[in-house]
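Asker: In full-length UniProt numbering, the protein residues as written are 1 to 152.
Dropping a structure here in structure tokens format, bear with me for questions.
So this is what it looks like as structure tokens:
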């Protein structure tokens, strides 16, 4: 049996495009990855002009068939909370185990469906204790998206 400590998903934000979302020069973008309960604790900020931020997150899981993770982008605000740009929820079971797969994701924003932000993620589902992104190239299975009715 595989130890829970070895079951980990590494997620790297390769690049993003805010599409028609309006940002000011020098604005900060906040990216978060995690399960529904850990999403806010895993936020990482970077400049909106930094199109290839290479941020990495680690999510531990028990069962890949019942676990998914959420990737979200928001515009950072000092007061009043961040402005949501979009999010996507991906099932871990639709990524090959012990491989690294690239996934182009269209981010959804329930409040404004006309926004067309996208992100490219590299996902490494690791059950053999390998270092992050130290695995052969894999594939994303079709239907890896989970549909959600609400934005955080």
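All C-beta atoms, glycine included, are put in the ideal place defined by N, C-alpha and C.
1) Quick check on residue 41: does DSSP put it in helix, strand or coil?
2) Going by alpha carbons, who is nearest to residue 105 out of 63, 48 and 72?
3) If we count Cβ pairs, one from each stretch, closer than 8 Å, do we get three or more for the stretch 46-60 versus the stretch 84-91?
4) Measuring only the C-alpha atoms, how far is residue 155 from residue 94?
5) Comparing C-alpha positions only, which one of 92, 49 and 27 sits nearest to residue 78?
6) How would you write the range of the beta strand (DSSP E) that residue 221 sits in, first residue to last?
7) For the structure I just gave you, are there three or more beta carbon pairs, one from the stretch 7-26 and one from the stretch 108-116, closer than 8 Å?
8) CB residue 97 to CB residue 122, shorter than 7 Å?
9) Look at the Cβ atom of residue 31, then the Cβ atom of residue 44, and state whether they are nearer than 7 Å.
10) Among 62, 57, 25 and 92, whose alpha-carbon lies nearest the alpha-carbon of residue 142?
11) So the candidates are 108, 62 and 103; which of them puts its Cα closest to the Cα of residue 124?
12) Could you check the C-alpha separation between residue 76 and residue 132 for me, to the nearest Å?
13) Per DSSP, residue 127 is paired with what?
14) Answer with buried or exposed for residue 41, where buried requires no fewer than 16 other C-beta atoms within 10 angstroms of its C-beta.
15) Check the C-beta distance from residue 13 over to residue 119 and give it rounded, since I have them as a contact under 8 Å.
Answerer: Per the coordinate set shown:
1) Against the chain shown, residue 41 aligns to sequence position 41. In the three-state reduction of the DSSP assignment, residue 41 falls in the helix class, which pools H, G and I.
2) Residue 105 sits at position 105 when you count from the first residue of the chain shown. That would be 72, whose Cα lies nearest to the Cα of residue 105.
3) Too few Cβ pairs lie closer than 8 Å, so no.
4) As shown, the chain starts at 1 and ends at 152. That puts residue 155 outside it, with no answer to give.
5) Here residue 78 corresponds to residue number 78 of the chain shown, with the count starting at 1. For the set 92, 49 and 27, the Cα lying nearest the Cα of residue 78 is the one of 27.
6) No answer is possible for residue 221: it lies beyond the span of the chain, which begins at 1 and ends at 152.
7) For the pair of segments examined, the stretch 7-26 was found to touch the stretch 108-116: the number of CB pairs separated by less than 8 Å reaches three.
8) Sequence index remark: in the chain shown, residue 97 carries index 97 (1-based). Sequence index remark: in the chain shown, residue 122 carries index 122 (1-based). Between residue 97 and residue 122, the C-beta gap is not smaller than 7 Å, which leaves the two residues out of contact.
9) Here residue 31 corresponds to residue number 31 of the chain shown, with the count starting at 1. Here residue 44 corresponds to residue number 44 of the chain shown, with the count starting at 1. The answer is yes: Cβ separation under 7 Å.
10) As a first step, residue 142 is located in the chain shown; it is residue number 142 there, counting from the start. Checked all of 62, 57, 25 and 92; the closest Cα to residue 142 is 92.
11) Residue mapping note: residue 124 aligns to position 124 of the chain shown, counting from 1. Nearest of 108, 62 and 103 to residue 124, Cα basis: 103.
12) Along the chain shown, read from residue 1 onward, the residue named residue 76 stands at position 76. Along the chain shown, read from residue 1 onward, the residue named residue 132 stands at position 132. Spanning the two alpha carbons is a distance of roughly 28 Å.
13) Within the chain shown, residue 127 is the residue found at index 127, counting from 1. DSSP, once it has assigned bridges, lists no residue as partnering residue 127.
14) Working through the chain shown from its first residue, we reach residue 41 at position 41. Residue environment analysis places residue 41 among the exposed positions, since fewer than 16 neighbouring C-beta atoms fall within 10 angstroms of its C-beta.
15) Translated into positions along the chain shown, residue 13 becomes position 13. Translated into positions along the chain shown, residue 119 becomes position 119. Confirmed, Cβ separation roughly 6 Å.
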